[in-house]
Amino acid sequence: MTCIRSEIIGFGHCLPPKVLTNDDLANMVDTNDEWIRTRTGIQSRHIADKDLTTSMIAGDAVAEAIKNAGISPEDVDLFILASVTPDNTTPSSATKIAGRLGFRAGIPAFDISAACAGFIYALMLADNMIRLGQIKTAVIAGAECVSKIIDWTDRNTCVLFGDGAGAAVLRAREGKGTSEDTGVLDVCIHSDGSLFDVLKTNGGVSSTQTAGIVEMNGKEVFKHAVVRLSEAAEQVMKETGISSEDIDWFVPHQANIRIIESVGERLNIPQEKVIVTVDHHGNTSAASIPLAIYENMLSGRIKKGDLLVFCAMGAGFTWGGAVVRL
Ligand code: ACO
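Everything in the sequence shown is counted per our numbering, starting at 1 for the first residue and increasing by one.
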């Protein structure tokens, strides 16, 4: 039976030009390259300068995705930006970008806050609207300037994160309703608010009238991340009727190489099929997955037609997974 699928027809990305290495961090806090590399796998990360905002890097990523998709801004029917570091508390950064890029007046454009799982939350919403026939073309983006909500004197957190943006264009396309189809084959999203305090900013608009800075219990986050990332990937593979042997690439959220390796092992996915960018991106929160996919498409590793499984988990906790054939 035929069905509507959301085909991903273009990706885009943007990384701030400034690169911060582990040695740079060792000059700022009591840490060293060896500790950061062995505990996290991170060697360097991109950091936005003071004047570079989330909407700027997200806008560049979206513009590139639209160009790569071969569409024009007037074709966009929906725009969702996943971010926890918007330019303004209101209006949304999505509307700012929609104005800058010339999206049609009248289309829905909004931000969503789902931390590191934000891109998958956005994918779920856009895919559902496409499959319901409400829209034909959606743009989703994950973009963060996490560096702006970090305490740069706290070695527990400041070594982990980086800034960046990734975007994708989704377009309705008829499929056969099988796992051979091109496009989004399955998505799941979840949350568990009982773990709200494990990873959070220590303030916000209505509580402290500030954005707050990131605080976390790293060991707890680590433990839950391994379980939830694995569960999400297992769920979407099961729902699609595929096994880990069928997939070409596994793209887990890029938070820590040890989390990535543990999840790969639990799912029996050989490390050669696991995409890793955490070494030079750090944890870019909602931008992590589209950045990882697109960078590996540019290098020629990920190709059109490949079957991808991705999953992410972040503050909330929120998590999710997806199966996509490019
Ligand atoms: N440099 C040197 N020492 C450090 C640093 C640092 N940057 N940071 C912490 N330490 C010290 C601590 O002070 C502590 O010292 P103590 O034992 O004297 O008190 C010790 O190192 C901590 O060591 P461990 O607890 O063994 O560190 P662990 O192996 O748990 O690694 C880490 C810590 C990297 C934070 C890990 O727990 C982790 O990655 N957790 C996941 C956190 C995460 O990814 N958060 C991002 C958002 S959520 C997500 O994206 C999934």
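Quick reminder that beta carbons are idealized off the backbone N, C-alpha and C, glycines included.
No experiment lies behind these values; they were computed from the predicted model shown.
Go through its chain and collect everything with a Cβ distance to W152's Cβ below 7 Å, but skip five positions before and after it. M28, C158
In chain order, what residues of the same chain have a beta carbon less than 6 Å from the beta carbon of N217, not counting five sequence neighbours either side? Taking N217 as the centre and dropping the five residues before and after it, the same chain places the C-beta of V198 closer than 6 Å to its C-beta, in chain order.
In this structure, does DSSP put C145 in helix, strand or coil? coil
Please find out if some non-hydrogen atom of the ligand ACO comes closer than 6 Å to the beta-carbon of E202. Before going on, a small fix: residue 202 reads as Asn here, not Glu. No, Cβ of N202 sits at least 6 Å from all heavy atoms of the ligand ACO.
G203 versus G99: straight-line alpha-carbon distance, rounded: 30 Å
At a threshold of 6 Å, does V221 count as lining the ligand ACO (C-beta to nearest heavy atom)? yes
Assign A141 to one of two classes, buried (16 or more other C-beta atoms within 10 Å of its C-beta) or exposed (fewer than that). buried
From the DSSP output, in three-state form, read off I377 for me. As displayed, the chain neither begins before 1 nor continues past 326, which places residue 377 out of reach and without an answer.
Using only alpha-carbon positions, find the residue among A322, I257, A292, S194 that is nearest to Q43. When only C-alpha atoms are compared, the closest one is I257.
Between E144 and G164, which are expected to be in contact by the criterion C-beta below 8 Å, what is the C-beta distance as a whole number of angstroms? 7 Å
Between D246 and the rest of its own chain, which residues show a CB-CB distance below 7 Å, the 5 nearest in sequence each way excluded? L307
Tell me which same chain residues have a C-beta within less than 7 Å of the C-beta of K18, skipping the five on either side of it? For K18, where only same-chain residues beyond five positions count, the Cβ hits under 7 Å are H46, I47, D49.
Proximity below 7 Å, CB of G118 to CB of A292: no
Considering only residues of the same chain and omitting the five flanking positions on each side of D33, which have a CB-CB separation below 7 Å? Contacts found: N22, D23, A26.
So, V329 versus G305, is the Cβ gap smaller than 7 Å? No answer is possible for residue 329: it lies beyond the span of the chain, which begins at 1 and ends at 326.
What are the uninterrupted segments assigned as alpha helix (DSSP H) that are 4 or more residues long and contained completely in the region 223 to 300, given in chain order? 257 to 266, 278 to 281, 288 to 298
Looking at G282: is its Cβ nearer than 7 Å to the Cβ of A115? no
Beta-carbon spacing of T54, T85 below 7 Å: yes
What span of residues does the beta strand (DSSP E) with T201 cover, start to end? 199 to 201
Provide the residue span of the beta strand (DSSP E) that contains W319, from first to last. 318 to 325
Tell me the DSSP secondary structure of V76 in three-state form. coil
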